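A.B. asks: Residues 1 to 204, numbered by UniProt numbering, are exactly what the sequence shown covers, in order.
Quick one: the structure is below, and I'll ask about it shortly.
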Amino acid sequence: MKKIVKEEERPNTAVTKKARKKKDLGQREAIASDYASFKPSLCTTYLLVDGYNVINNWTKMIKARSVAGMPSARQALLEQLRYIHHSRRWKVVVAYDEHTPGSELRIMEGDVDEVFTGERESADSYIERRAVELCKSGDILRVKVATDDRTIQVVSLASGAETMSTSSLIREIYLARRELLFQRDGTDWRTKKSFDDAQEYFVD
1 MKKIVKEEER PNTAVTKKAR KKKDLGQREA IASDYASFKP SLCTTYLLVD GYNVINNWTK
61 MIKARSVAGM PSARQALLEQ LRYIHHSRRW KVVVAYDEHT PGSELRIMEG DVDEVFTGER
121 ESADSYIERR AVELCKSGDI LRVKVATDDR TIQVVSLASG AETMSTSSLI REIYLARREL
181 LFQRDGTDWR TKKSFDDAQE YFVD
C-alpha cells in the first residue's frame, strides 16, 4: 500500500541543499583546523608556483579576482595550495611580482610561503633562479614548477626540475583535497568520483 504524503510533509529541497552546503563547509573547516599546525620533518618535494600566471589561467581564481580584487584571488589560491602541502607533505612557495618603486623582496612564511619579488626582480626570474638553486643543492629530491609560461618551463626543465601546467596543478589540488577529506572520514578516496566526473564541484 502506497503511503500518501501530504504537501506539508514533503522535504523542502531548498533547505536540503543549504544543509548539504553547510555540511561541506563544515568538513572543509575541520580539515583546515586538523592540519593547520602540521610541520613536515622532511621535505622531499619543493613546489614553486607562478602565482599570477596560475590565477589568470584558473576560472575559480579569475572569478575571485573579478568579485573582490586580486588580494582575494591570492588568498583563494593560498587556501587551495594548502591542500597540497598538508596531503603531499610538499614545501609550497607561490611567487608574485611586486613592481612598486623601492619595494624589496618580501617572504611571508606559513604552511605555504608567499614571495613578493620587489622592484628589482620579476616572479619569473625568481622562480627560474630558485629552481636552478634547489636542483643544484641536492637537498631536495624533486623540484616542481607550476606555470603555463613557456619560458619558465624551458628554463626549469633545463635545470632538472619538473613542470606542471595550471590544469595539472588544479588536478593535484583536487586529489589532495579529496585524500584529506576521505582520510578524515575513514574512506578510501580512490573509490570516489574521478576528477573529470566531479571537477565542476571543485574547480569552477
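Think of the CB as a built atom: it goes at the ideal place given N, C-alpha and C, for glycine as much as any other residue.
Remember, it's a predicted structure, so these values are computed and weren't measured experimentally.
(1) So, with DSSP's three-state summary, where would you put E119?
(2) Among Y174, Q75, S159, S66, which has the Cα closest to the Cα of G110?
(3) So for T100, helix, strand or coil by DSSP?
(4) Can you check whether the CB of S87 is closer than 7 angstroms to the CB of L180?
(5) In whole angstroms, give me the CA-to-CA distance for E162 and G118.
(6) Taking all protein chains shown into account, do 16 or more other C-beta atoms lie within 10 angstroms of the C-beta of T147, making it buried, or fewer, making it exposed?
(7) Would V94 pass as a contact of E114 if the rule is Cβ separation under 7 angstroms?
(8) Inspect the beta-carbon positions of V49 and H85 and report whether they are closer than 7 angstroms.
(9) Any idea what DSSP makes of L77, helix, strand or coil?
(10) In this structure, how does DSSP classify R89 when only helix, strand and coil are distinguished?
(11) Restricting to Cα atoms, I'd like to know which of N56, K60, E98 is closest to Q80.
(12) Just to confirm before moving on: does the CB-CB distance between Y46 and L157 stay below 7 angstroms?
(13) Using the Cα positions of K144 and A73, report the straight-line distance between them to the nearest angstrom.
(14) Assuming I152 contacts I127 (C-beta within less than 8 angstroms), just tell me the rounded distance between them.
(15) Starting from L48, trace the beta strand (DSSP E) in both directions and tell me its first and last residue.
(16) Which runs of the beta strand (DSSP E) at least 3 residues long sit entirely within the region 122 to 170? Give them in chain order.
(17) Please work out which residues of its chain come closer than 6 angstroms, Cβ to Cβ, to K39, disregarding the five sequence neighbours upstream and downstream, and give them in chain order.
C.D. replies: Inspection of the coordinates gives the following:
(1) coil
(2) Q75
(3) coil
(4) yes
(5) 26 angstroms
(6) buried
(7) yes
(8) no
(9) helix
(10) coil
(11) K60
(12) no
(13) 22 angstroms
(14) 6 angstroms
(15) 45 to 50
(16) 142 to 146, 162 to 164
(17) Legend: pLDDT at K39 = 42, less than 50; position of this residue unreliable, value from coordinates given subsequently. Taken in chain order, the list of residues that qualify is empty.
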